[in-house]
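Each residue of the sequence shown is one higher than the last, beginning at 1 in the UniProt record's numbering.
For every residue, glycine included, the Cβ atom is placed at its ideal position computed from N, Cα and C.
Written below as structure tokens is the structure these notes are about.
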Amino acid sequence: MKEDNRSQVVSVRLNAEQLEFLNRMKAEMENDMETEVAMATVIRRILSRYISKHQQGGGDRLRRFMELEARVATLESKLATLEKS
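Shown next, in the form of structure tokens:
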């Protein structure tokens, strides 16, 4: 079964209170994302140092750390996209 990925634009009028609430929620979500990415960036730096230090003995542990580092890079990219919009 194929999913329908079409989107729809809906026009809605909001009063000042509703608009303020939505703007506050958006700001909170962006702040949460920034905090998560900041923590992930620190972890990524630690992982990068670990990977560099232990690259010869790698194995499964190295693969998991590299996967985690890639996920952090994705989070950082998402934050950069949010900041541009």
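With a Cβ-Cβ cutoff of 8 Å, do I46 and L62 count as a contact? As a working note, residue 46 is residue 46 in the sequence shown. As a working note, residue 62 is residue 62 in the sequence shown. Cβ atoms of I46 and L62: not closer than 8 Å.
Report yes if the CB atom of T41 is closer than 8 Å to the CB atom of V72, and no otherwise. For the purposes of this step, residue 41 is taken as the residue at position 41 of the sequence shown. For the purposes of this step, residue 72 is taken as the residue at position 72 of the sequence shown. Going by C-beta atoms, T41 is nearer than 8 Å to V72.
Over the uninterrupted alpha helix (DSSP H) stretch that includes V72, give me the two end residues. By one-based count along the sequence shown, residue 72 stands at place 72. Where V72 is concerned, the enclosing alpha helix (DSSP H) starts and stops at G59 to K84.
How far does the alpha helix (DSSP H) with Q8 in it extend, from its first residue to its last? Reading the sequence shown from its first residue, position 8 is the one you call residue 8. Neither: Q8 is in no alpha helix (DSSP H) and is coded neither H nor E.
Assuming the contact rule is C-beta atoms closer than 8 Å, E69 and V37 should be a hit. Round their C-beta distance to whole Å, please. Stepping through the sequence shown from its first residue, residue 69 is reached at position 69. Stepping through the sequence shown from its first residue, residue 37 is reached at position 37. Not really, about 13 Å apart at Cβ, beyond 8 Å.
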